[in-house]
Every structure is written in structure tokens, then in C-alpha cells.
Amino acid sequence: MKIIKLSIVILSISFLLMACQPQARNTLAQKQNFVCKSLIEGFLKTQLLGQYQLLHIQPTLHQTSAQRLYKYQISSDQQMRINMPQQQDLNFQCNQTSAQHFELKLLNHEQQEIQSLLTLDLLPQQTIDDLTAFALKTE
Numbered sequence: 186m187k188i189i190k191l192s193i194v195i196l197s198i199s200f201l202l203m204a205c206q207p208q209a210r211n212t213l214a215q216k217q218n219f220v221c222k223s224l225i226e227g228f229l230k231t232q233l234l235g236q237y238q239l240l241h242i243q244p245t246l247h248q249t250s251a252q253r254l255y256k257y258q259i260s261s262d263q264q265m266r267i268n269m270p271q272q273q274d275l276n277f278q279c280n281q282t283s284a285q286h287f288e289l290k291l292l293n294h295e296q297q298e299i300q301s302l303l304t305l306d307l308l309p310q311q312t313i314d315d316l317t318a319f320a321l322k323t324e
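To convert, note that position 64 of the sequence shown is 249 in the numbering used here; the numbers rise steadily by one, no gaps.
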């Protein structure tokens with residue numbers, strides 16, 4: 186009887202630990218996120234808005250989506266240092282309409298307004314390979 190109870194406890198713990206394992210991130214979603222975050226952070230730097238930090242992404246990187254929402258929030262230490270009124274959150278929408286085409290938009294929920302900021306057309310992979318002078322061989 187004691188062995189059966191111990192087996193049930195061990196089995197329950199193993200199922201619990203399996204349920205707690207994080208989901209693997211989608212590779213395509215990671216590439217899309219890299220491009221989108223680079224566009225957003227480049228925009229923030231050029232506008233001297235480096236005090237904003239990424240709060241969350243919707244949908245998460247565990248699934249593929251043609252559109253992701255990025256919410257940036259002003260860092261709390263910057264907010265305490267400067268007593269000027271600033272927009273607390275910046276909401277961006279990043280759309281991937283094809284394998285090479287990305288669009289970045291700024292969402293203003295208060296004014297129900299969407300402003301296009303940037304578009305990016307990546308070169309096809311074959312063109313990048315042709316232009317690459319040196320590449321490390323991977324086995």
C-alpha cells in the first residue's frame with residue numbers, strides 16, 4: 186500500500202513538473218519579433234524616447250501571427266526624475282504582410298488614431314547570399 190501511494194505521489198509530481206515546462210518559442214515568431222523590436226527601438230532612439238521599455242507583446246512568441254501588438258511603458262526611474270507630463274504607454278502594431286514586408290504603426294487609443302511610422306522591405310535570401318562576401322561554414 187505504501188509503495189502504491191509513493192508511486193502515485195511521484196507520478197503526480199512528474200505530471201506537475203511537465204505542465205510547468207515553458208512552451209518552445211516559434212522560430213518564425215522569433216524572427217518577426219527581432220525585426221519588429223528593431224524597428225520600434227530604432228524609432229524610439231531617433232525620437233529621443235529611450236526611456237520607454239517593452240512591457241509586453243501580444244500574441245506571445247509561442248504562436249505565429251501576421252500582426253503583433255507591442256506595449257512600451259516609460260521606465261519608473263525616468264518618471265520619478267522628470268516631473269514633466271509624458272505619455273505613460275506607447276502602443277505599436279507591427280504587421281508582416283509577406284516574408285519580406287513589415288509595417289510599423291503607432292496606436293493612440295485615446296484619440297482612436299493609427300499613425301504609420303515605418304515600412305521595411307527585406308531583401309530576398311538569395312540576394313543576401315549573393316551579396317555576402319564571407320560566411321562561416323556550419324556543419
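Note that the Cβ used here is the ideal one computed from N, Cα and C, for glycine as well.
Counting along the chain, the unbroken alpha helix (DSSP H) around residue 312 starts and ends at 310-316.
Residue 243 and residue 188 have their alpha carbons spaced roughly 46 Å apart. Taking each of 224, 260, 247 and 212 in turn and checking the Cα distance to residue 290, the smallest one comes out for 224. The closest CA to that of residue 258, considering only 245, 216, 237 and 251, is found on 237. By the criterion of a C-beta distance shorter than 6 Å, residue 299 is surrounded in its chain by 290 and 292, once the five residues flanking it on both sides are discounted.
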